[in-house]
Amino acid sequence: MDLEVAVGSLGGPRPDFTQRGGDLDIGGMGPEPPADPDMGLFVTVPAPEDGPHQAPRQRSLHVTVVYEDKLYVFGGYDGFGRVNDLYEFHLRDQIWRETPATNGIPPSPRDRHIGVVHGSCMYVFGGYDGSNRINDFHEYNFTTHTWDSVTVDVISGAPPSPRHSHAAAVYRDSLYVFGGYDGSYRSDFHEFNFLTAKWEQVTAAGRVPRARYRATCTVHGDSLYLFGGHDGTRHLNDVYVFDFRESLWCSLVVNGEAPVPRDSHISVIHKDSMYVFGGSTGAAMNDFHELNLKRCCWRQIFPEKDTRRRAGAAGAIGVAAGAAFGAA
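In numbering that gives the first Met the number 0, the protein residues as written are 0 to 327.
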């Protein structure tokens, strides 16, 4: 069964460092809402190269997450090899600090992994270690500064195959992983329940997205939004919606001019919009787009200050501002 969703049918909320400080009217939808005064401005935050607040080395293919008032950067590729260092950026004070583990052993150096936050922990799954695709699973406790391997009930469910460049997001008490590359481009969809410690492959109805890697997943309300990626033949700019309540995939019909097809971009949710920055079309990009999820309409945002083109950066939302780090 192929399903598409049109405007109005989703029914409600369902080493430099760049910080983002930015609605398009579509016919018959009423006047354009007032601009958000916190949007539409990029500010480059200085990155000290030495001293106690030294910034991470330049890198790509890392992950960033936000916990409380800090942004964390883990792993990636620094031009020489994969790394497994962890840095925190204080969003209010705008200072960096390397975060050594007090206890436990950190994950092996890697890139193209995923990182998410649930509770007081960051979870890291999969990636590429320079020789092999991997599917190990680790947690970092922000309170105790401890790394640990995640205990998984493998009897009740198998984890995703070793892979990199997959997309992931957290909804309630579960981690969801879509696609990636395990020797083939994948379209499988997996859930890890943090309460039961079980992996399960999600059986979903509707129009399942084609196989891809280097896409992004974001969650708004009871829906997951999958955007872009590469299917092994071409770059993509389609938008799919997964309804958690119905376990149903839909292809989203949108108005406005969509971003050009791309992979390795950043996507984040702020209020009722998904924001997409940068990525690769074969060339690195630095354009910035908003998908208004209530109006199902794209628009491009032109910040007051231009930013470097970049692909393979990582982004997150925290303290009322978006943030992108790396891949300069």
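Don't be surprised by glycine CBs; every beta carbon is placed ideally from N, CA and C.
Check: Inter-residue Cα distance where the pair is SER173 and PHE193; Outcome: 6 Å
Check: Status (buried if at least 16 other CB within 10 Å, exposed otherwise) for ARG294; Outcome: buried
Check: Span of the beta strand (DSSP E), counted from its first residue to its last, around ASN102; Outcome: Taken as a continuous stretch (DSSP letters only), ASN102 belongs to no beta strand (DSSP E), as it is neither H nor E.
Check: Buried or exposed by the 16-neighbour rule on C-beta atoms within 10 Å, applied to ARG261; Outcome: buried
Check: Every unbroken beta strand (DSSP E) inside the stretch 43–113 [3 residues or more]; Outcome: 62–66, 69–76, 81–89 and 94–97
Check: For PHE324, the three-state DSSP class (helix, strand or coil); Outcome: strand
Check: Backbone CA spacing between PRO302 and GLY179 [nearest angstrom]; Outcome: 31 Å
Check: Close Cβ partners of PHE88 (< 6 Å) along its chain, the five nearest in sequence each way excluded; Outcome: LEU70 and TRP95
Check: 7 Å Cβ shell around HIS264 - same chain, five flanking residues per side excluded; Outcome: THR215, GLY227, VAL275, PHE276, GLY277 and GLY278
Check: Three-state secondary structure assigned by DSSP to GLY118; Outcome: coil
Check: Residue(s) in a DSSP beta bridge with GLU303; Outcome: None; GLU303 has no bridge partner.
Check: Contact belief for HIS189 with PRO159 at Cβ below 8 Å, rounded distance in angstroms; Outcome: 5 Å
Check: For ASP147, the first and last residue of its enclosing beta strand (DSSP E); Outcome: 145–148
Check: Best match in GLY129, ILE268, VAL240 and GLU289 for proximity to VAL256 [C-alpha to C-alpha]; Outcome: Before going on, a small fix: residue 256 reads as Glu here, not Val. The candidate whose alpha carbon is nearest that of GLU256 is GLU289.
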